[in-house]
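Peer 1: Following this message is one structure expressed as structure tokens.
Protein chains: 2
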Amino acid sequence: MSLLSQWREAVGQELDRLVPPPERWPSTLHRAIRHSLFAGGKRLRPLLALAAARACGGDEGDVLPAACGLEMIHTYSLIHDDLPALDDDDWRRGVPTCHREFGEATAILAGDALLTHGLGCLARYPEDRRFGRARLAVVSDVVDAIGSQGMIGGQVEDLAAEEEKDPAAQTPERLERIHSHKTGKLIAVCLRTGGRLAFAPPGTLERLSRLGELIGLAFQIKDDLLDVESSREELGKTAGKDSARGKLTFPGVHGLERSREILETTAGEAVAIARELESGDGPLAELASFVERRRN
Amino acid sequence: MSLLSQWREAVGQELDRLVPPPERWPSTLHRAIRHSLFAGGKRLRPLLALAAARACGGDEGDVLPAACGLEMIHTYSLIHDDLPALDDDDWRRGVPTCHREFGEATAILAGDALLTHGLGCLARYPEDRRFGRARLAVVSDVVDAIGSQGMIGGQVEDLAAEEEKDPAAQTPERLERIHSHKTGKLIAVCLRTGGRLAFAPPGTLERLSRLGELIGLAFQIKDDLLDVESSREELGKTAGKDSARGKLTFPGVHGLERSREILETTAGEAVAIARELESGDGPLAELASFVERRRN
Chain A
1 MSLLSQWREA VGQELDRLVP PPERWPSTLH RAIRHSLFAG GKRLRPLLAL AAARACGGDE
61 GDVLPAACGL EMIHTYSLIH DDLPALDDDD WRRGVPTCHR EFGEATAILA GDALLTHGLG
121 CLARYPEDRR FGRARLAVVS DVVDAIGSQG MIGGQVEDLA AEEEKDPAAQ TPERLERIHS
181 HKTGKLIAVC LRTGGRLAFA PPGTLERLSR LGELIGLAFQ IKDDLLDVES SREELGKTAG
241 KDSARGKLTF PGVHGLERSR EILETTAGEA VAIARELESG DGPLAELASF VERRRN
Chain B
1001 MSLLSQWREA VGQELDRLVP PPERWPSTLH RAIRHSLFAG GKRLRPLLAL AAARACGGDE
1061 GDVLPAACGL EMIHTYSLIH DDLPALDDDD WRRGVPTCHR EFGEATAILA GDALLTHGLG
1121 CLARYPEDRR FGRARLAVVS DVVDAIGSQG MIGGQVEDLA AEEEKDPAAQ TPERLERIHS
1181 HKTGKLIAVC LRTGGRLAFA PPGTLERLSR LGELIGLAFQ IKDDLLDVES SREELGKTAG
1241 KDSARGKLTF PGVHGLERSR EILETTAGEA VAIARELESG DGPLAELASF VERRRN
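Chain order of the listed sequences is A and B. Mind the numbering: the first sequence is residues 1 to 296 in my numbering, read in order. Mind the numbering: the second sequence is residues 1001 to 1296 in my numbering, read in order.
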């Protein structure tokens, strides 16, 4: 089994250990949390944290619970984004979305709980006291990345762009702003978290953040391309939905051909930085190139 | 001006400093956050944190930003509880609820942002390094208090009780469970936070938590009584709504007379513990007795 597959399995097991069992009170909530957390996600964000830690000489075992905290935060953002008042999605990763399965109230609260416990994991792990200051720095970084001027801001701008009446306001800059905030900042802070927990120097943390921004951008272009090119069976969620909703997308702004070129350049630059950080080919480079190649 | 009034003003000013200005991107979100944060709340939770810190010999100025983080978390819980999918409330503190004013999507995201930034404040403040370990302990305490087996669990149980068909399941124990989780745990952890940031010993932290549970219980009985006894003008939110929705309440379970008695006993015990912690009458005792006397 490849290193990334081993890590993916370890993330799943650790998440199962960190989240209360489905029968524990309040059982409906814990079942809803688990429904979304174990719906076959790619675990890209925790894997990036683990790969960054490894590239910086850190111990993957130390970083595993914090990496799972990042996956909880990512899952919270998906549950809330899918809600009827936001993107109104019925399918995600091939299964019904949380609110379709458990109702809106439970889905809102399941998202709230995942955000709470996710940040809690970052404050608590690794437990050893020598990580105390690094944990505080990680929580602070992550709060900036996912807060009102980070991921949540990207979501607000995405919704505003969808309701935009003036075509002249749908600029490439706006598209870039939406995606760098909605997707890029969380991915970048996952890499940075891995670096922090491996006690990487500031210059390396900056390289990791830059790599994360590129991976986030490549991820989003690919997402937009898949929405155009795939069927629901391949994608695990409703396909063709972006253009149906009038979403601002890369193919919409730049066309298909140019979007594929931007994806290739971006992913190429990401792989180059990853190889530099890993002094050759490693899991970080593999993840960077996976983002371009993925089918869902 | 009394000490509590001074603190209340200081909390308002500090919140204004901690939250991005309304014109900053994404402006709609920051306006929505401010709408709910500055809607005339009593600031009970931050005041309890400040009073607890003072009782333990801590510095109120040190504790102020963290106390504001607790108010952000409380406000997040109100915004999400008021949503159509949950309690579906149109009025709160005399003004339209966040989703009535800004729409559901923005309200969900404003709540998410307040939770994120609230926990962020607890990880960041007081900034001085000697508080590093205390800050980590505070985040951990608060995550337990507001997580799936804390405040969110109470909200889940509250919704379940509302949909309950079997009258035999509406027991005093269930009512107690709902309120100790939905209200009591956050109030208790506010006091505990003040104690932690004043480096109080474990025994004192336990007394503070016990005091918080009593204040939370008194607060909730009073809330249920006010819902029966008041008009919307006095209350600032829709009155008589609990019984209209079939909510499990203290007057509903114990009757009005017995509920008033339980309130008196509970508040009396709280004031006694507060006086003991403050070695006489101080802001903690004043807050404990305010909870019983309040009109909204």
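All C-beta atoms, glycine included, are put in the ideal place defined by N, C-alpha and C.
G1154(B) to R1177(B), Cα distance in whole Å?
Peer 2: 7 Å
Peer 1: Applying the 10 Å Cβ sphere with the 16-neighbour rule, what's the burial state of M1(A)?
Peer 2: exposed
Peer 1: Could you name the residues of chain B that P20(A) contacts, counting a contact when the two beta carbons are closer than 7 Å?
Peer 2: S1148 and Q1149
Peer 1: At a CB distance below 7 Å, what residues from the region 68-87 of chain A approach chain B? Give them in sequence order.
Peer 2: H80, L83, A85 and L86
Peer 1: Quick one: what's got a C-beta closer than 7 Å to G246(A)'s C-beta in the same chain, skipping five residues either side?
Peer 2: Taken in chain order, the residues that qualify are E162.
Peer 1: Scan the region 14-81 of chain A and note each continuous alpha helix (DSSP H) run of 4 residues or more that stays entirely inside, going in chain order.
Peer 2: 27-37 and 44-55
Peer 1: Does any CB atom of chain A fall closer than 9 Å to the CB of S1036(B)?
Peer 2: So, not an interface residue.
Peer 1: For a contact meaning CB atoms closer than 8 Å, what does Q155(A) contact in chain B?
Peer 2: L1109
Peer 1: Suppose the cutoff is 7 Å on Cβ atoms and the five residues either side in sequence are ignored; what does the same chain contact list for R1106(B) look like?
Peer 2: The amino acid occupying residue 1106(B) in the given sequence is Thr; Arg does not appear at that position. Closer than 7 Å at Cβ, skipping near neighbours: T1028, L1029 and A1032.
Peer 1: Do you know offhand how far D1081(B)'s Cα is from S180(A)'s?
Peer 2: 31 Å
Peer 1: Taking the DSSP output, what are the residues bridged to V1095(B)?
Peer 2: The partner list for V1095(B) (beta bridge, DSSP) reads R1092(B).
Peer 1: Once DSSP output is grouped into helix, strand and coil, what is the label at K165(A)?
Peer 2: coil
Peer 1: How about L15(A) and P283(A): do their beta carbons lie closer than 9 Å?
Peer 2: no
Peer 1: Run through DSSP, which three-state label would G103(A) get?
Peer 2: coil
Peer 1: Could you give the residue range of the alpha helix (DSSP H) that holds P1172(B)?
Peer 2: Looking at the DSSP string, the run of the alpha helix (DSSP H) that includes P1172(B) is P1172 to H1179.
Peer 1: How should E157(A) be labelled, buried or exposed, when 16 other C-beta atoms within 10 angstroms of its C-beta is the threshold for buried?
Peer 2: buried
Peer 1: Give the residues from the region 1113-1132 of chain B that approach chain A closer than 7 Å (Cβ to any Cβ), ordered along the chain.
Peer 2: Per Cβ criterion, the list reads A1113, L1115, T1116, H1117, L1119, G1120, A1123, R1124 and G1132.
Peer 1: Taking the alpha carbon of G1012(B) as the reference point, which residue from R1024(B), P1026(B) and H1035(B) has its own alpha carbon closest?
Peer 2: H1035(B)
Peer 1: Taking C-alpha atoms, which residue in R24(A), P46(A) and P21(A) lies nearest to E9(A)?
Peer 2: P46(A)
Peer 1: Taking V1253(B) as the query, report the chain A residues whose CB atoms sit under 8 Å from its CB, ordered along the chain.
Peer 2: Under the 8 Å cutoff, chain A gives no residues; its nearest Cβ is about 20 Å from V1253(B).
Peer 1: Determine whether the Cβ of T1097(B) lies closer than 9 Å to any Cβ atom of chain A.
Peer 2: Output row for T1097(B): interface = no.
Peer 1: In whole angstroms, what is the alpha-carbon distance linking E1173(B) and L1248(B)?
Peer 2: 11 Å
Peer 1: Could you compute how far the alpha carbon of D223(A) sits from the alpha carbon of R54(A)?
Peer 2: 27 Å
Peer 1: Could you tell me whether any Cβ in chain A is nearer than 9 Å to the Cβ of A1205(B)?
Peer 2: Checking the sequence shown, residue 1205(B) turns out to be Leu, not Ala. Chain A, which has no Cβ nearer than 9 Å to the Cβ of L1205(B), makes this no.
Peer 1: Determine the contact status of L310(A) and G195(A), defining contact as a CB-CB distance below 9 Å.
Peer 2: Residue 310(A) cannot be examined here, being either before or after the span of chain A that is shown, 1 to 296.
Peer 1: What is the DSSP secondary structure of R1295(B), counted as helix, strand or coil?
Peer 2: Collapsing the DSSP output to three states places R1295(B) in coil.
Peer 1: Determine, using beta carbons only, whether G103(A) comes closer than 9 Å to chain B.
Peer 2: yes
Peer 1: Are V63(A) and L50(A) close, meaning C-beta to C-beta below 9 Å?
Peer 2: In this structure, L50(A) lies closer than 9 Å to V63(A) by Cβ.
Peer 1: With distance defined between alpha-carbon atoms, name the residue in Q170(A), L186(A), R192(A) and G111(A) nearest to I1152(B).
Peer 2: G111(A)
Peer 1: Between which two residues does the alpha helix (DSSP H) harbouring T266(A) extend?
Peer 2: Counting along the chain, the unbroken alpha helix (DSSP H) around T266(A) starts and ends at L256 to E278.
Peer 1: For the 8 Å Cβ check, are there 3 or more pairs between the region 1135-1151 of chain B and the region 93-105 of chain A?
Peer 2: no
Peer 1: Are A1244(B) and A1267(B) touching if we call contact CB-CB under 9 Å?
Peer 2: Judged by their CB atoms, A1244(B) and A1267(B) are not nearer to each other than the 9 Å cut-off.
Peer 1: Does the CB of I1187(B) have a neighbour CB from chain A at under 9 Å?
Peer 2: The beta-carbon of I1187(B) is placed no less than 9 Å from the nearest beta-carbon of chain A.
Peer 1: Assuming L225(A) is part of the alpha helix (DSSP H), what are its boundary residues?
Peer 2: P202 to E229
Peer 1: Buried or exposed for E292(A), please, with buried defined as at least 16 other CB atoms from any protein chain shown within 10 angstroms of its CB.
Peer 2: buried
Peer 1: To the nearest angstrom, how far is the alpha carbon of D59(A) from that of A1270(B)?
Peer 2: 48 Å
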